[in-house]
Every structure is written in structure tokens, then in C-alpha cells.
Amino acid sequence: MLVFISGCSLEFDSQGEVENAPTSAEVENLLKVVFLDVGQGASQLLISPSGKTMLIDAGNNDQEEHMVQYLQQYGVDRLDIVIGTHPDADHIGGLDAVIDHVEVGKVYMPKVSNNTKTFESLLRSIKNKGLKVSSAKAGIKLDWDDQVDVTMLSPILTGLDNNNMSAVVKVTYGDTSFLLTGDAESISEKEMIDSGEDLQADVLLVGHHGSKTSTSLRFLNQVNPKYAVIQVGENSYGHPKETILERLRKKNVEVYRNDLQGTVEFTSDGQNYQISKER
Ligand SMILES: [Zn+2]
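Residues in the sequence shown are numbered from 1 upward in steps of one, following UniProt numbering.
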């Protein structure tokens, strides 16, 4: 049996059993998907088996320092791919600082703009770095790591509200898979179902922080996850909604939450998951 541990200081929960210090060969060939605790907001850091990096969203403006620290903590000084799922502040607020601080390969964002200082500041950082924005849309396969398939499943339509224009990314490594949904709501979920794409994923980032406008029952049935992560902090919206928590419970999905457990890390060897949480 392959034994592996994560490279940071997070504590393993009871599912993680660390028997011996891993050799370097054992540490390789792992995909790490980290759901960073950014309070009320979202951010996922992905590190591929060959060491490629991807950042999806970066929390709100007040998380800028935090984000830069997280990247240092994970030893990331270059992001091969940066995705801003949609131009709302709780997703792109920290991205300008990230782009200012590290080397960046490619930036993807959906074709939708926002008349805010936060969005303008992000565009300025992208421009200052000499980068161009590639448009995020369904059907794009990201060139990231030969062993990992990264496909965008949404947006399919154009001209929808910001949330429903969210870039949705499915990440598949061996038999393991993640569906990272931004703030996609039921309109986008219906489009994804109708597209006929395979939505099944073991790990689901619960859409829009557990709002009842996302995670429709049909969508949840199609994804059929084992694990769900809710990126949520203190908020006045009542996220996550009890309806959604109940829906996940009924399907026996194991739920992780940033507000309760801090940063949550999934490490996959292509077959199994090692899950660790900050608290
Ligand atoms: Zn959001």
C-alpha cells in the first residue's frame, strides 16, 4: 500500500494514517487540491503530480496578504494557471496581489466584466505583468500536467449574471476527480446537465458557498460526490443553507467546511484520497 503525507503542517484527521516518512519516490505522483481558508470567499490551490501549479480564485480584498503567505507556505513562486471564476470580490479580491507577487503562466476568466475597483485593480495587475486573459468557457481543456485532465464545463451560455457565468472546472487524476464550481447556480447547473458531459466527481466544491440557489438535487445526483467542501466564513447571507446541508446529508456526502475546519487539503495518488484539515 502506498503511504503518503502532505507537505505542510496541517494535522491529519482520523482518516489519515501516517506510518513512515515517505521516500521521495512516494511523494511524487500526487495531486494536491487545497481548499484555502479565506473566510467568506473561495480559493483553491492545485499542485500537480509533476509540480505544476494552478490557483482558482483568491478570496476577498482583505485576504491579499493571507494569499501571498499561503503561496509561500506551499512553496509556490510560480502559478502555471490562474483562474478567476467570475468577477465578484469574494473570488477575485486577492488575485491582484497574487499576480503582483508570483510568476504567472496563463490567466483564464469568463467573458464578463464588473464595474468595481476590485475588478479594475485585477485587470491592472494582469496588464502590468504583460499577461493577457484567455476566456474561460465550456469545452476548454487546460494544458497543465500530462497525467491530469482539466476540463472546463461552464460557462456554456453568454450574458448570464456573474454567478452563472462562473468558470467550472473538472479535474481528473486516475480514478479520482474534483468538480470546482465557483458560484455557479442552478441555471448553469442545468446547462451542464443538458450538455451531456460527465459531471461525476468524488469531490464537489459546493456551489456559491452553500447558497440554496446552487446544488440543485438533479445536479447533485449527477455529480454524485463522496466528499463536499463548502468554502464559507462568517457571513450575513446564512451560508451554508440548512436545505443544502440536509440535501448533502441525505446522500451521505462527507462535508468539509472552511469555517469549521480551516484549510482542507485533498491529496490523491490517482486511486485514494488523503484528507487533512487545519482544525
Ligand atoms: Zn462567492
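For every residue, glycine included, the Cβ atom is placed at its ideal position computed from N, Cα and C.
Please state if the CB of residue 45 and the CB of residue 55 are separated by a distance shorter than 8 angstroms.
Within the sequence shown, residue 55 is the residue found at index 55, counting from 1. Within the sequence shown, residue 45 is the residue found at index 45, counting from 1. In contact: residue 55 and residue 45 (Cβ atoms closer than 8 angstroms).
Any chance the CB of residue 42 is under 7 angstroms from a heavy atom of ligand 1?
Here the question's residue 42 lines up with position 42 in the sequence shown. True, at least one ligand heavy atom lies under 7 angstroms from that Cβ.
Assigned secondary structure, residue 89 (DSSP; H/G/I helix, E/B strand, else coil)
The residue labelled residue 89 in the question sits at position 89 within the sequence shown. Three-state DSSP puts residue 89 in a helix.
Check: residue 183 C-beta below 7 angstroms from any heavy atom of ligand 1
Mapped onto the sequence shown, residue 183 falls at position 183. Flag set: Cβ of residue 183 near ligand 1.
By DSSP's criteria, residue 106 is part of a beta bridge. Which residues make up the other side?
For the purposes of this step, residue 106 is taken as residue 106 along the sequence shown, with counting starting at 1. In DSSP, residue 106 forms a bridge with 81.
At what residues does the alpha helix (DSSP H) containing residue 97 begin and finish?
Within the sequence shown, residue 97 is the residue found at index 97, counting from 1. Start and end: 95-101.
Residue 258 and residue 119 closer than 8 angstroms at C-beta:
As a working mapping, residue 258 is identified with position 258 in the sequence shown. As a working mapping, residue 119 is identified with position 119 in the sequence shown. In this structure, residue 119 does not lie closer than 8 angstroms to residue 258 by Cβ.
At which residues does the alpha helix (DSSP H) containing residue 194 begin and terminate?
Along the sequence shown, read from residue 1 onward, the residue named residue 194 stands at position 194. Residue 194 -> alpha helix (DSSP H) spans 186-195.
So residue 67 is in the alpha helix (DSSP H); what residue range does that whole segment cover?
Position 67 of the sequence shown, counting from 1, holds the residue named residue 67. Residues 64-73.
Backbone secondary structure at residue 251 - three-state DSSP:
Here residue 251 corresponds to residue number 251 of the sequence shown, with the count starting at 1. Three-state result, residue 251: coil.
Residue 259 CB to nearest heavy atom of ligand 1 below 7 angstroms
Here residue 259 refers to the residue found at position 259 of the sequence shown. Checking the Cβ of residue 259 against ligand 1 gives no.
Range covered by the alpha helix (DSSP H) that runs through residue 220
Residue 220 sits at position 220 when you count from the first residue of the sequence shown. Run containing residue 220: 217-223, per the alpha helix (DSSP H) assignment.
Using 8 angstroms as the threshold, is the C-beta distance between residue 154 and residue 188 below it?
To locate residue 154, count along the sequence shown from 1; it is residue 154. To locate residue 188, count along the sequence shown from 1; it is residue 188. Yes, these two residues count as a Cβ contact at 8 angstroms.
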